[in-house]
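Notes to accompany the following structure.
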Amino acid sequence: MVYAQMGTPNMHIRRLVSMVPGSLEVLQALARARRLLSLTLWWALMVSALLGATQASAQTSVGGVLSSDTRWTAAQSPYVVQSDVVVQSGAVLSIEPGVTVYMALNTGLSVQAGAIRALGRPELPIRVLSDRVRSGLTAAPGDWGQWLFSSGTVNTQLEHVLFEHGRGLVVHGSAPVFNNLTIRNQQGAAISVDLTASPSGSGNRAEGNSINGIVVPAGEIVGSTRWGLRGIPYIVQSGTVSVGVAPVLSSISPNEIQVGDSGVFSLTGTRLTGLSAASFDREGLSVQVQPGATDSSAQIAVTVDAAAAQGVANLSVTTDAGVARLANAISVTASQPLIKSLLPTTLYTGQGELALAVNGLAFRNDTQVLVDGSPVATQFVSASRLTATVTAPLMPAVLRVSLRSPDVAHPGQYITSPSMDLPVLSAALTLTPSSTTVYNGSATSLTVGVPYPAPTGGLDLAIVSSVPSVATVPSTARVPEGQTSVVVPVNAVGLGNSVVTVSRVGFASGQATVQVVSPPSLTLTPAVVTLGAGRSVDMTLQASVTAPASGLVVSLVSSNPAVATVPAAVTIPAGAQSATVQLSTVSEGATTISASAQNHLPSQATVNVRPMTILMPSGALVAPGLSRSIPLTLSDPAPAGGLEVALSSANTAVAAVPASVLVPAGQTSFNFQLTGVAAGATSVTAAAAGHQSASMPVTVESISIGLGSPNVSSVSLPKGLSRSYAVTLSRPAPVGGVTINLGMGNASVATVTPATVSIAQGETSGGVVQVEVVGLEKGSTTLTAAGDGLTSLSMPVTVTDPVVLKFDRTTEVVGKGMRTYGSSLSVQRTVNG
Numbered sequence: 062m063v064y065a066q067m068g069t070p071n072m073h074i075r076r077l078v079s080m081v082p083g084s085l086e087v088l089q090a091l092a093r094a095r096r097l098l099s100l101t102l103w104w105a106l107m108v109s110a111l112l113g114a115t116q117a118s119a120q121t122s123v124g125g126v127l128s129s130d131t132r133w134t135a136a137q138s139p140y141v142v143q144s145d146v147v148v149q150s151g152a153v154l155s156i157e158p159g160v161t162v163y164m165a166l167n168t169g170l171s172v173q174a175g176a177i178r179a180l181g182r183p184e185l186p187i188r189v190l191s192d193r194v195r196s197g198l199t200a201a202p203g204d205w206g207q208w209l210f211s212s213g214t215v216n217t218q219l220e221h222v223l224f225e226h227g228r229g230l231v232v233h234g235s236a237p238v239f240n241n242l243t244i245r246n247q248q249g250a251a252i253s254v255d256l257t258a259s260p261s262g263s264g265n266r267a268e269g270n271s272i273n274g275i276v277v278p279a280g281e282i283v284g285s286t287r288w289g290l291r292g293i294p295y296i297v298q299s300g301t302v303s304v305g306v307a308p309v310l311s312s313i314s315p316n317e318i319q320v321g322d323s324g325v326f327s328l329t330g331t332r333l334t335g336l337s338a339a340s341f342d343r344e345g346l347s348v349q350v351q352p353g354a355t356d357s358s359a360q361i362a363v364t365v366d367a368a369a370a371q372g373v374a375n376l377s378v379t380t381d382a383g384v385a386r387l388a389n390a391i392s393v394t395a396s397q398p399l400i401k402s403l404l405p406t407t408l409y410t411g412q413g414e415l416a417l418a419v420n421g422l423a424f425r426n427d428t429q430v431l432v433d434g435s436p437v438a439t440q441f442v443s444a445s446r447l448t449a450t451v452t453a454p455l456m457p458a459v460l461r462v463s464l465r466s467p468d469v470a471h472p473g474q475y476i477t478s479p480s481m482d483l484p485v486l487s488a489a490l491t492l493t494p495s496s497t498t499v500y501n502g503s504a505t506s507l508t509v510g511v512p513y514p515a516p517t518g519g520l521d522l523a524i525v526s527s528v529p530s531v532a533t534v535p536s537t538a539r540v541p542e543g544q545t546s547v548v549v550p551v552n553a554v555g556l557g558n559s560v561v562t563v564s565r566v567g568f569a570s571g572q573a574t575v576q577v578v579s580p581p582s583l584t585l586t587p588a589v590v591t592l593g594a595g596r597s598v599d600m601t602l603q604a605s606v607t608a609p610a611s612g613l614v615v616s617l618v619s620s621n622p623a624v625a626t627v628p629a630a631v632t633i634p635a636g637a638q639s640a641t642v643q644l645s646t647v648s649e650g651a652t653t654i655s656a657s658a659q660n661h662l663p664s665q666a667t668v669n670v671r672p673m674t675i676l677m678p679s680g681a682l683v684a685p686g687l688s689r690s691i692p693l694t695l696s697d698p699a700p701a702g703g704l705e706v707a708l709s710s711a712n713t714a715v716a717a718v719p720a721s722v723l724v725p726a727g728q729t730s731f732n733f734q735l736t737g738v739a740a741g742a743t744s745v746t747a748a749a750a751g752h753q754s755a756s757m758p759v760t761v762e763s764i765s766i767g768l769g770s771p772n773v774s775s776v777s778l779p780k781g782l783s784r785s786y787a788v789t790l791s792r793p794a795p796v797g798g799v800t801i802n803l804g805m806g807n808a809s810v811a812t813v814t815p816a817t818v819s820i821a822q823g824e825t826s827g828g829v830v831q832v833e834v835v836g837l838e839k840g841s842t843t844l845t846a847a848g849d850g851l852t853s854l855s856m857p858v859t860v861t862d863p864v865v866l867k868f869d870r871t872t873e874v875v876g877k878g879m880r881t882y883g884s885s886l887s888v889q890r891t892v893n894g
């Protein structure tokens, strides 16, 4: 009864399955339990399960234009694409892991301007399937269209995505990233790209597709393109993919060649760089590529066998950019007499009668040379060479040289070859170089050229200089027989310009300009050198112009080698203007160093060699028991290893010095310590090998430093106030004067300025210069004053509280009804209370 009212269970099951996506799995589970349940209970469970499956399989329909950022979430999955989805306006479509996308029949997804971010995971892949699967039907390749990533696609990445039963992915002019994609059962190629696409990624698979590969079309890649997808192979299905624009062969010149002939042919076109091979499609023609091909031109050498057939041949060439072809490039014709070259190639007016060599092809002993259509005396040499006697006209012209041979097939008639031009030019003399510059006082040369070898006896030429006071030349010159040139000397005798002219009757004259200039100069610096004997110093040799490619050799001479020597020569390197000259002194005296070079003004330097000396101050003062530093100066820098200077005191009971000091190499000064022993006078002597010694008087006497006039023993002043004092000596300052250095032990309590005071020789004070002591804070410190060889001063300084001024107005007493006209005010100065 239930079945009669509701229909058969199988019929209802099929209807529910078709209505409820995903219910098939539920029914399969219930079917396994059917034998254990009553039919009524099984049917109730079946209906309940199908209704539950219906509620659990909510779906989201999508389609149309996405012009703003959109996210397909796992919670709203599955998504059913009912019509084409188009990403525009820079929108980003994000697809979460685990999302399933069902594509309705013939629908597709394209990115016109924007991005797709579909980042699945291994455990939660994103699936793009046919909508037939959702409906419980059997899916087939090509159910849905394509996912197209056009040139407006940016920042697009797909990972762990499964595509099934569509027509593949298409990438045009963009660079999406595909990682771990599985592309199955697609109609056509798994992925198709154009020649501007640059997809990349790894771990991709293609299975069960019409073409398990990435299909690339034939054509030219003219931009920067990357083939970076791994896991799926790239396939050029047909044709050729060339990188860059393909080469084009436009023309060949000449376009005709005879059987048995050979020649060089010029090719024109585009992208011919790197021409590496060429061939014709006709047998008997061999080709050799000539070096020097450019983008638009190239040359090939062609040889035709004597047995080659006549006809038209097509040409094919291979370049860096690919293969280019030219149909009907060349025509192979029958062999007949043909001129290939003439020697000489040019005649000159007035040259007279001469032999002309005619080189060519298929010459016979009855072949005759024609000049402007008229036969001339001809001699057969070989099948490729004839000689003819021609006469050069007196005026410029173009002679047309051709060949005439009897026509065997037509007795009494002739076969005439194409003509070749033989130009006749005006004979002209030349002078080379046409312009030259020469230094005054030197010589150069000019080369006179004639256009053809001189005849028997040679050619005599007249030569003249327009300004003989500037440049002179010989009046005549002869070009030797059989030669085409002669060298003419030119002597520069004064500054200025002159034109040299060479002439001969029947020839155009030749001219050259000669400019005579002052020669460059040399300079030795320093111009005056004063140095001790036995020393060396570097001098600089400077030229006013840079040295030529071979360098400039400069000779050096010392007028008195016994005083100083220099090398015989130095070379200024090519492109440089200076070099170093080492001067070595030998003994006392004077000499002159001279530098000279070809075509350069010389230079000189004076060298004075004097004895080397030691210098010390004119005198020194030191107090008994004290030491001071004394400067010792050398007239010349100490040599390598330094200079040992011996020191001695005439009276060691008065003053003492070290036995010797070592002045470091290259130094000219050094200080030693002078120590006062007892009051008195003595002298100190300094001596060194090769040097004149020096002596310095020494006074040992106690000179004490005082403060104030008369001297004070201490300084006391309130905070904020200052006092000025003169710095004094107990006796006049010695030779050279003295410098007193002043300081304050605690600068936060008091300061003293200036820090130094100079007392001139013979004076006992600094004159108007006084030092100022300023109290800063209440407290005590010490003022010190010291100088070389002087008994120093140490004086206590006390800073007290500041001075305070107080005003006190006295009280006035007046009687009732009376007033006072005056009042009194007292001022008190208080220190320390």
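Note that my numbering has the sequence shown beginning at 62, numbered continuously upward. Virtual Cβ for every residue (Gly too), placed ideally from N, Cα, C. All values derive from a computational prediction rather than experimental measurement.
Is residue j closer than 8 Å to residue i when the C-beta atoms are compared?
i: ALA569; j: SER495; result: no
i: THR439; j: VAL430; result: yes
i: GLY169; j: ASP204; result: no
i: THR586; j: THR601; result: yes
i: GLY345; j: ASP322; result: no
i: LEU310; j: LEU387; result: yes
i: THR410; j: VAL485; result: yes
i: VAL277; j: ILE293; result: no
i: ILE675; j: ALA726; result: no
i: VAL715; j: PHE733; result: no
i: SER648; j: THR626; result: no
i: ASN807; j: ALA847; result: no
i: ASN501; j: LEU460; result: no
Which residues mark the beginning and the end of the beta strand (DSSP E) in which residue i is found?
i: ASP255; result: Premise fails: ASP255 is in no beta strand (DSSP E) and is neither H nor E.
i: ASP599; result: 597-604
i: TRP205; result: It is not in any beta strand (DSSP E) - TRP205 carries neither H nor E in the DSSP assignment.
i: LYS401; result: 399-404
i: PHE441; result: 439-443
i: ASN802; result: 799-805
i: ILE177; result: 175-180
i: SER122; result: 121-127
i: GLY840; result: 840-847
i: TRP133; result: 131-133
i: GLY421; result: 414-422
i: VAL548; result: 546-553
From which residue to which residue does the alpha helix (DSSP H) around residue i run?
i: ASP145; result: Premise fails: ASP145 lies in the beta strand (DSSP E), 140-148, not in any alpha helix (DSSP H).
i: VAL193; result: The amino acid occupying residue 193 in the given sequence is Arg; Val does not appear at that position. That run of the alpha helix (DSSP H) goes 192-195.
I think residue i touches residue j, with their Cβ atoms under 8 Å apart; what is that distance to the nearest whole Å?
i: ILE691; j: MET673; result: About 20 Å separates the two Cβ atoms, so there is no contact after all.
i: ASP130; j: ALA165; result: Actually they do not touch by this definition, with Cβ atoms about 24 Å apart.
i: THR121; j: GLN137; result: 5 Å
i: PHE239; j: VAL189; result: Not confirmed; about 13 Å, so no contact.
i: ALA251; j: GLU281; result: So it is not a contact: roughly 24 Å between Cβ atoms.
For residue i, write down the residues that DSSP places opposite it in a beta bridge.
i: SER648; result: According to DSSP, SER648 bridges with nothing at all.
i: PRO436; result: LEU431
i: LYS867; result: GLN889
i: SER559; result: VAL575
i: VAL818; result: ILE801
i: ILE524; result: VAL563
i: ARG446; result: ASN420, SER443
Fill in: beta strand (DSSP E) runs wholly inside the region 684-769, at least 3 long, in chain order
688-695, 704-710, 721-724, 730-737, 741-748, 755-761, 766-768
Worksheet item: What residue ranges within the region 456-502 form continuous beta strand (DSSP E) runs of no fewer than 3 residues, ordered along the chain?
Response: 458-467, 475-477, 481-486, 491-493, 496-500
Worksheet item: Could you give the uninterrupted runs of the beta strand (DSSP E) lying entirely in the region 305-383, keeping only those of 3 residues or more?
Response: 309-314, 317-319, 323-331, 338-341, 346-350, 358-365, 372-380
Practice prompt. For the region 214-259, list the beta strand (DSSP E) runs that are entirely contained and at least 3 residues long, ordered along the chain.
Written response: 218-220, 222-225, 230-232, 238-240, 243-245, 250-254
Discussion item. So within the region 607-686, which uninterrupted beta strand (DSSP E) runs reach at least 3 residues, ignoring any that extend past its ends?
Written reply: 613-619, 630-633, 639-646, 650-657, 664-671, 673-676, 681-683
Worksheet entry | Continuous beta strand (DSSP E) assignments of at least 3 residues falling wholly in the region 255-294 | 266-268, 272-277, 280-282
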